Structure formats: structure tokens, C-alpha cells
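Trainee: The structure's right below; bear with me while I get my questions together.
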Ligand SMILES: [Zn+2]
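Residue numbers (full-length UniProt numbering): 1 to 227.
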């Protein structure tokens, strides 16, 4: 009887410890790094110091609303992951709202363009898949960040045109927002969120934000995010 009781007490103690001291259990927006081929990800510290990064999303006529939603969710995913990882729910403010016209993007810190085909990209044919441009401008904000997305892109083979499956479009949106925050590409050609390629024939789901990317960002911005 005594023996049973003490085992029960032990089990109860373990449960309490598990719930109290494992914040990772509660993480919904990122995962622990499990592939250790890479130990770091290149990162540039952009001067997102205004406290809040305001993103705006413009989509061409005829683009389904879901692409707008997935782009907005990509921004939310980074914001929430950074907040969870640093246990700082006030910091890392990064929003994204819908705008009706390209002209309305002017005042936004990050300009998202969703085109119906890669052929509409301003840098086509040099760019035939999603890409991000961050330039240092002479204006007040100091940065000019633009993200170009499309559900219709050209495969890396340079020939095959592809209607991206949902998870692939969403993965590229999260990847591009990573660039906006300053992350560069991994050395591994594929397999990581910030790899230069995403093989959606092999990988049939989105790649997660992991502690690898979050470590890199916290390393340059600190726990207080964009303040
Ligand atoms: Zn990239």
C-alpha cells in the first residue's frame, strides 16, 4: 500500500514538473530543431526599430482571397513564434493588412504583392519564383522591403510551370517573411525553411519555423524584438 502511494506521488510530481518547466510544450508556432546538418543560419540585422513593422498585402484581381489569408498567416506565424520563443508577448509586433491598390502600399514598411503569374514579377525573367527585396532607402523608414508571391511559378528546371499546392505557397510565404526579418539562405539546398529550394514533390507539407531560425533572430534583435 505504502509503495503504491509513493509511486503515485512520484508520478504526480513528474507531471507538475513537466507542466511547469517545459515552455516548449506550449509552443504552437515553432518546433525544436531536429535536423542538425546546419548549426547556424546567416542573418542581417535590419533596422526594424520602430516598434511595429506594418505590412500591407496587395493582390491582383482574380487572385483567390485564400492567398491573401495565407500571406497574413505567414506574418502571424513569425510574430507568434518569436513571442513564444522569447516569452515576450509585447514585442515582435509585425502586422499585415489588406490594401486595395498597389498605390496604397506606399506608406507600408513591408509591401506584399501577390500576382496571378510569375510573369508579372517586376524582375521577371530574372525572378520566376517567390522573392524578396530589401533595400536601404533614403526615406524616413530607412528600409524598403518588398515581397513578391504568386501561386503560379516556374520550376527550378526553368521549363515547367507549376500551380503551387497550398502548402508550397504557404511555405514560400513564410520563407520570404524570414528574408524580411533578415534571414539569409541555409547552405543545405533543401530541407530547411530557409533553404534556397523547396522540393514540394518530396516534401508534402510546410517546413516549420524552428529554434535554429529563432536563435539567429534573437541573436541580432535581442529578446525585445523591434523596439
Ligand atoms: Zn529565399
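Even glycine gets a Cβ: it sits at the ideal position worked out from N, Cα and C. Keep in mind the model is a prediction, meaning the values are calculated, not measured.
#1: Nearest to residue 58 by CA position, among 160, 100, 26 and 45, is which residue?
#2: Between residue 87 and residue 52, what straight-line distance do the alpha-carbon atoms span, to the nearest angstrom?
#3: Do you know whose CA, among 72, 43 and 185, lies nearest residue 95's CA?
#4: Thinking C-beta only, is residue 200 closer than 9 Å to residue 173?
#5: How about residue 42: is its Cβ closer than 8 Å to a heavy atom in ligand 1?
#6: Could you compute how far the alpha carbon of residue 228 sits from the alpha carbon of residue 150?
#7: Cβ-heavy atom distance between residue 148 and ligand 1 below 8 Å?
#8: Rounded to whole angstroms, what's the CA-CA distance from residue 67 to residue 221? Just pull it up for me.
#9: Measure how close the beta-carbons of residue 75 and residue 216 come, nearest whole angstrom, since I'm counting them as under 8 Å.
#10: Taking just the CA atoms, how far does residue 56 sit from residue 79?
#11: Is it buried or exposed for residue 213, if we count other Cβ within 10 angstroms and need 16 for buried?
#12: At which residues does the beta strand (DSSP E) containing residue 99 begin and terminate?
#13: Are residue 128 and residue 164 close, meaning C-beta to C-beta below 9 Å?
#14: Roughly how many angstroms lie between the CA atoms of residue 238 and residue 186, to the nearest whole one?
#15: Return yes when at least one heavy atom of ligand 1 lies under 8 Å from the C-beta of residue 58, else no.
#16: For residue 145 and residue 91, what's the separation of their Cα atoms in angstroms?
#17: Express the C-alpha separation of residue 39 and residue 69 in angstroms, rounding to a whole number.
#18: Could you name the residues of the same chain whose beta carbon sits closer than 8 Å to that of residue 109, not counting the 5 residues immediately before and after it, in chain order?
#19: Any chance the CB of residue 46 is under 8 Å from a heavy atom of ligand 2?
#20: Return the chain-ordered list of same chain residues with a C-beta closer than 8 Å to the C-beta of residue 21, the five sequence neighbours on each side being excluded.
#21: If you follow the beta strand (DSSP E) that residue 215 is part of, which residue opens it and which one closes it?
Mentor: In terms of the structure at hand:
#1: Of the candidates 160, 100, 26 and 45, the one whose C-alpha sits nearest the C-alpha of residue 58 is 100.
#2: Roughly 18 Å between the two C-alpha positions.
#3: The closest CA to that of residue 95, considering only 72, 43 and 185, is found on 72.
#4: For residue 173 and residue 200, no; Cβs fall outside 9 Å.
#5: Ligand 1 never approaches residue 42 closely enough for any of its heavy atoms to be under 8 Å from the residue's Cβ.
#6: With the chain represented from 1 up to 227, any question about residue 228 goes unanswered, as that position is not in the structure.
#7: Not under cutoff, so the answer is no.
#8: For residue 67 and residue 221, the distance between alpha carbons rounds to 29 Å.
#9: The beta-carbon separation of residue 75 and residue 216, rounded to 18 Å, does not stay under the 8 Å limit for a contact.
#10: So the alpha carbons of these two residues sit roughly 15 Å apart.
#11: Residue 213 is buried by the Cβ-count criterion.
#12: Following the DSSP letters along the chain, one finds residue 99 in no beta strand (DSSP E), marked with neither H nor E.
#13: For residue 128 and residue 164, no; Cβs fall outside 9 Å.
#14: Residue coverage of the chain in this structure runs from 1 to 227, which leaves residue 238 outside it and unanswerable.
#15: No.
#16: Cα-Cα distance, rounded: 20 Å.
#17: Straight-line Cα distance between these residues: approximately 32 Å.
#18: Answer for residue 109: 48, 50, 53, 54, 55, 141, 143 and 145, listed in chain order.
#19: This structure does not include ligand 2; its bound ligands are ligand 1.
#20: Because the pLDDT at residue 21 is just 49, under 50, the model does not fix this residue reliably, and the value given afterwards should be weighed accordingly. So the list is empty, once near-sequence residues are dropped.
#21: In the DSSP assignment, residue 215 falls outside any beta strand (DSSP E) and lies within the alpha helix (DSSP H) extending over 211–221.
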